Amino acid sequence: MQEQELLDYILNAPHERLSHEELVHLLLENTVADSIEPRETFAQRAADRLAAFAGSWVFILSFLFVLIAWIGVNLYFGARAYDPYPFILLNLVLSCVASVQAPLIMMSQQRQEQKDRRRSENDYRVNLKSELILRDLHKKMDHILQLVDPEEYARLHENVEKT
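Sequential numbering from 868 applies to the sequence shown in this note's numbering.
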């Protein structure tokens, strides 16, 4: 990509009528970093919280406790149990929990993936801006060195060309 194209990409618009120096100053003035976090609906926030809870040790341990208690109570009461062995009602409850939990986790993962993609794009723009500014500073330093000490400038460029 040419430097002009990179500047247009970072600034999100073509700026053909500006000089190079004006473009650099515009680049310095503009904030490249976008907001990573979009506004989420109540349902999205709730799904993210439920997915976070479902992936926690608190959920796993409490769910394990409920399963052990369910099986223990039903084995203790034997024939009078509300869900005798082979625990068909427990199987139904587990299936319902899984059928609700899986889509919630997948929706949360998709939103996280979108956030990561936006963050990556944002990081790329910031890095590109930094590189262009450093490149411009390097050119200016070379120009100053050429004005102040032309012999040193020539010697440095000879060494660069040899490598």
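All C-beta atoms, glycine included, are put in the ideal place defined by N, C-alpha and C.
Keep in mind the model is a prediction, meaning the values are calculated, not measured.
Practice task
Report yes or no: is there a C-beta of chain C within less than 8 Å of the C-beta of H1005?
Solution key: No chain C is present in this structure, which holds just one protein chain.
Handout entry: DSSP-derived helix/strand/coil call for P1017
Key = helix
Handout entry: Best match in K996, E1019 and L931 for proximity to L893 [C-alpha to C-alpha]
Key = K996
Exercise for the section: Taking V925 and D1003 to be in contact with their CB atoms under 8 Å, please state how far apart those CB atoms are, rounded to whole angstroms. Expected result: 53 Å between Cβ atoms; not a contact.
Practice task
Tell me whether the beta-carbon of P953 lies closer than 8 Å to the beta-carbon of N941.
Solution key: no
Practice task
Mark S975 as exposed unless 16 or more other C-beta atoms lie within 10 angstroms of its C-beta, in which case mark it buried.
Solution key: buried
Exercise for the section: Would you mind stating whether L971 and L917 have Cβ atoms separated by less than 8 Å? Expected result: yes
Problem - A914 burial status per 10 Å Cβ neighbour count (16 or more: buried) - result: buried
Exercise for the section: Could you pull the start and end residues of the alpha helix (DSSP H) that Y949 belongs to? Expected result: Per DSSP, Y949 belongs to no alpha helix (DSSP H) and is neither H nor E.
Handout entry: Own chain partners of S834 with C-beta closer than 8 Å, once the 5 adjacent residues on each side are dropped
Key = Because the chain in this structure spans residues 868 to 1030, residue 834 falls outside the shown range and cannot be described.
Problem - Of the residues Q968, E980 and E888, the one placed nearest F920, counting alpha carbons only - result: Q968
Practice task
Give me the Cα-Cα distance between Q1025 and H1010, rounded to the nearest whole angstrom.
Solution key: The amino acid occupying residue 1025 in the given sequence is Glu; Gln does not appear at that position. Whole-angstrom Cα-Cα distance: 16 Å.
Handout entry: Beta-carbon gap between Q911 and R978 smaller than 8 Å
Key = yes
Exercise for the section: Output the distance between the C-alpha atoms of M973 and S966, rounded to the nearest integer angstrom. Expected result: 12 Å
Problem - Range covered by the alpha helix (DSSP H) that runs through R912 - result: F909 to A921
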